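Visitor: Numbering (my numbering), first residue to last: 560 to 1001.
(1) Would you call residue 665 buried or exposed, if buried means 16 or more other Cβ atoms sit within 10 Å of its Cβ?
(2) May I ask which residues mark the beginning and end of the alpha helix (DSSP H) holding residue 795?
(3) What is the DSSP secondary structure of residue 985, reduced to helix, strand or coil?
(4) Does residue 981 come within less than 9 Å of chain B when only Cβ atoms are used?
(5) If we require 4 or more residues per run, which alpha helix (DSSP H) segments fall completely within the stretch 834 to 879?
(6) Using C-beta distances below 6 Å, list every residue in its chain close to residue 868, excluding the 5 sequence neighbours before and after it, in chain order.
(7) Out of 657, 992 and 684, which has the shortest C-alpha to C-alpha gap to residue 584?
(8) Pick out whichever of 775, 717, 782 and 956 has its Cα sitting closest to the Cα of residue 592.
(9) Do the stretch 654 to 663 and the stretch 706 to 725 touch if we need at least three Cβ pairs shorter than 8 Å?
(10) Going by DSSP, what residue range makes up the alpha helix (DSSP H) through residue 951?
(11) Could you check how far apart the C-beta atoms of residue 647 and residue 742 are, in whole angstroms? I think they sit under 8 Å.
(12) Cα-Cα, which of 603, 709 and 582 is closest to residue 736?
(13) Leaving aside the five residues before and after residue 586 along the sequence, list all residues of the same chain whose C-beta is less than 6 Å from its C-beta, in chain order.
(14) If you drop the 5 nearest sequence neighbours on each side, which residues of the same chain put their C-beta closer than 7 Å to that of residue 790?
(15) Using a threshold of 9 Å, state whether the C-beta atoms of residue 649 and residue 787 are closer than that.
(16) Can you name the start and end residues of the alpha helix (DSSP H) that residue 570 belongs to?
(17) Put residue 620 into one of helix, strand or coil per three-state DSSP.
(18) Roughly how many angstroms lie between the CA atoms of residue 970 and residue 938, to the nearest whole one?
(19) Taking 9 Å as the cut-off, decide whether the C-beta atoms of residue 654 and residue 603 are in contact.
(20) Out of 877, 878 and 847, state which residue places its alpha-carbon closest to the alpha-carbon of residue 863.
(21) Is the distance from the Cβ of residue 984 to the Cβ of residue 782 below 9 Å?
(22) With three or more beta-carbon pairs closer than 8 Å as the criterion, would you say the stretch 828 to 840 touches the stretch 611 to 629?
(23) Where does the unbroken alpha helix (DSSP H) through residue 711 begin, and where does it stop?
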């Protein structure tokens, strides 16, 4: 084992993993806090649900997804840590600009800027982590990285509850932007670029490939597509609920409206933060560990385990929006969040291991392109449009309830895709291992 590899196997690689996870946490705070601030922005600027849906969904996701492809192309050739650092800087800067917006158009442009910045975060980070951890440990390592999602969402609620009462929604966004800029500087100064493919062999020689060749290669791997579609459609529902859950709670129980001074909004944000941190976090972390353990006997566990757990969690989620009190609502959402965390580590590990070594950043970028156009762009936007269309007939509370209930359809699609992946994974995984061994010899 080389000196460089030894330096990157224990404390250092753990430090890098958690620092990249911290950047991912910041990205999800900046991304999801619009859902927590939505009632305050609506009250201040008078936006309608369809406008809020665009700000939370396609306004952020459209360029976020498309810019990710050329950034991933760069990440497969040049310094990945520099790309991550610059990306953190720019998305944080535009988060601060979002807090300065005075109209729908200026806020939409600022949110688009946040999306462009965040496009350079995960593809290079996934590639770096895959060069620090062997394939047998990638699901758990990427499971740790994926903790950025529940932790980020949790803190978006908690910080909104704490800061919006004192700084307002504008001050909250500006403060988060400034903190992110400091993190970008730390990343640039302390993280070293690892050698590509070092976990597959010391003498590996990688041939750079173009975007078209990467897409053509990945398109021929059925389980790559199955896992991608599975995570995309479950995230369609997940992003929709995360971005509209606070709006529903405030409309369902007006005493939780921010700014009333009764402390109930802060309590609601704390509870939502804790159930995401504990429920979603536990599902994410233990889902990856359990999958790795089961996959040692049968690699199909990467597909059937997430699908099976969602069969329990999705009914709890839908039921949460038909109960008569907030406490029961939060308990049912917690059950769903535990189940929803199970797919993250296995899906991202599959995206890395099934892809050729010289396409790993591109694999994650294509994963996110499909995932986020469907989920991040579609989920919040869809619910906003349906809720607006039904509001006149059913009222703001019931129209939003009906819109969220209709998410049962994408969840069913997701479960079927994970079971499809379970069927195709053994063959594709074996072929990927053989291909990477040939590259290591080559």
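Beta carbons: idealized from backbone N, C-alpha and C, even for Gly.
A quick note: this is a predicted structure, and the numbers were derived from the prediction, not measured.
Guide: From the atom records:
(1) exposed
(2) 781 to 811
(3) helix
(4) The chain inventory of the structure shown lacks chain B, comprising one protein chain alone.
(5) 840 to 854 and 860 to 879
(6) 898 and 901
(7) 684
(8) 717
(9) no
(10) 937 to 964
(11) 6 Å
(12) 582
(13) 677 and 680
(14) 902, 906 and 930
(15) no
(16) 570 to 604
(17) helix
(18) 11 Å
(19) no
(20) 847
(21) yes
(22) no
(23) 707 to 722
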